[in-house]
């Protein structure tokens, strides 16, 4: 008869892991144009191309032993329901992080840094930097 033995140890997660999960959440949330200075629709390409690093600008996390707190700076598309978008981000963040890591999301703070159309954002990003 074999006896089940528990082996001591723990699993920890680097902030970068949680930030990448949140980048994916933002990509999946309609109405979010960007996290700080990154066009969200480009995130899918970054995820599919393993040679490129996923940008996590505008995403700040604090990861503890059992809990995660998230601060976001995002740009929302015109004519969108901002409270609904923030709620969707919070719920997706909780679900995805819980599934992937087992950690609880205790706080998601969403700072809407700007509201604009996708076209305005694309023009702004294409303009030469001074």
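Residue numbers (the numbering used here): 7 to 136.
Note that CB positions come from ideal geometry on N, CA and C, so glycine has one too.
Through-space distance from residue j to residue i, alpha-carbon basis
i           : j           : result
residue 110 : residue 73  : 5 Å
residue 77  : residue 14  : 33 Å
residue 29  : residue 75  : 15 Å
residue 131 : residue 123 : 12 Å
residue 127 : residue 39  : 8 Å
residue 16  : residue 35  : 32 Å
residue 102 : residue 23  : 12 Å
residue 90  : residue 12  : 44 Å
residue 68  : residue 62  : 14 Å
residue 120 : residue 100 : 24 Å
residue 33  : residue 19  : 21 Å
residue 125 : residue 104 : 35 Å
residue 37  : residue 85  : 9 Å
residue 80  : residue 92  : 10 Å
Simplified DSSP assignment, three categories, for residue i
i           : result
residue 106 : helix
residue 41  : strand
residue 119 : strand
residue 31  : helix
residue 114 : strand
residue 61  : coil
residue 16  : coil
residue 133 : coil
residue 9   : coil
Own chain partners of residue i with C-beta closer than 7 Å, once the 5 adjacent residues on each side are dropped
i           : result
residue 88  : 82, 118
residue 65  : 25, 28, 29, 41, 78
residue 106 : 27
residue 9   : none
Uninterrupted beta strand (DSSP E) stretches inside the stretch 66 to 91 (no shorter than 3 residues): 73 to 83
Stretch-stretch touch, CB-based, cutoff 8 Å, three pairs: the stretch 114 to 127 with the stretch 90 to 104: yes
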